[in-house]
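Let me begin by presenting the structure, written as structure tokens, before commenting on it.
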Amino acid sequence: MAGMGGLNAAEQRELQGRMEQKQMKDFMNMYSNLVQRCFNDCVTDFTTKSLLGKEEGCVMRCVDKFLKSSERLGERFQEQNAQMAAQGGMNTGR
Amino acid sequence: MSFLFGGGRPQPSSAEKIAAAEAEIEMVSNMFNQLVDTCTKKCIPNQYREADLNKGESVCLDRCVAKFFEVNVKVSEKMQGEAQQRQGGAMGGGGGSMFG
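Going down the list, the sequences are from chains X and G.
Numbered per the numbering used here, the first sequence spans residues 1 to 94.
Numbered per the numbering used here, the second sequence spans residues 1001 to 1100.
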């Protein structure tokens, strides 16, 4: 990462700490998005207080699917990112 | 991405360097979150009949990422082009590169 090269050890530690905080925050955001999405899409019946079997199954599949797609998107994202870095960004040669 | 333009500028302080690195990481991270949001909305229908991604969804996700990046590049180039035009060809690099 471009920024890391210019930082000394103490600065890198500081950056590392902030990145960890950010990761926590991102994880919490993802979690609440997931709950909202799966609830919206799967839970439609309010004639009873507890989840119907089909609603519960739907939620489980929703979570699985979402996590798998996040993973796949992460992989593709890294590939594309690496490709762009290899091409030297967009400003060179203009 | 260089955040030290030209010469004659005082060395950035520790806090500035950390802030700049953090900003860059945050930009990439935001882009990824947007990508996840958009591509799951576009590619994953909300029936959830099974827990695994089927072939169609997987291919859709792959293509979505590629197109997202391409759009990113094109928008960035166009905006830099317009900025350059407005500045009459003076250093239009102020837009900065995304990943360089």
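All C-beta atoms in this analysis are idealised placements derived from N, C-alpha and C, irrespective of residue type, glycine included.
None of these values were measured; they are calculated from a predicted model.
Beta-carbon gap between residue i and residue j smaller than 9 Å
| i | j | result |
| --- | --- | --- |
| G/Ala1020 | G/Pro1012 | yes |
| X/Cys38 | X/Phe66 | yes |
| G/Thr1040 | X/Ser70 | yes |
| X/Met30 | G/Ala1051 | no |
Euclidean distance between Cα positions of residue i and residue j
| i | j | result |
| --- | --- | --- |
| X/Thr48 | X/Glu56 | 13 Å |
| G/Ile1018 | G/Met1027 | 14 Å |
| X/Ser50 | G/Pro1045 | 25 Å |
| G/Met1079 | G/Phe1069 | 15 Å |
| G/Pro1010 | X/Gly6 | 15 Å |
| X/Glu11 | X/Arg18 | 11 Å |
| G/Cys1064 | X/Asn81 | 14 Å |
| X/Glu79 | G/Phe1032 | 13 Å |
| X/Arg13 | G/Leu1061 | 35 Å |
| G/Glu1082 | G/Glu1016 | 29 Å |
| G/Gln1084 | G/Glu1077 | 10 Å |
| G/Val1075 | X/Leu52 | 46 Å |
N-terminal and C-terminal residue of the alpha helix (DSSP H) that residue i is part of
| i | result |
| --- | --- |
| X/Val43 | Careful: X/Val43 lies outside any alpha helix (DSSP H) and carries neither H nor E. |
| G/Ser1076 | 1055–1086 |
| X/Gly74 | 53–86 |
| G/Asp1037 | 1014–1043 |
Backbone secondary structure at residue i - three-state DSSP
| i | result |
| --- | --- |
| X/Lys25 | helix |
| G/Asn1046 | coil |
| X/Gln16 | helix |
| X/Ser32 | helix |
| X/Ser50 | coil |
| G/Ala1051 | coil |
Proximity test, residue i beta-carbon vs the ligand MN heavy atom, cut-off 8 Å
| i | result |
| --- | --- |
| X/Leu73 | In the structure on display, the ligand MN does not appear, and there are no ligands present to speak of. |
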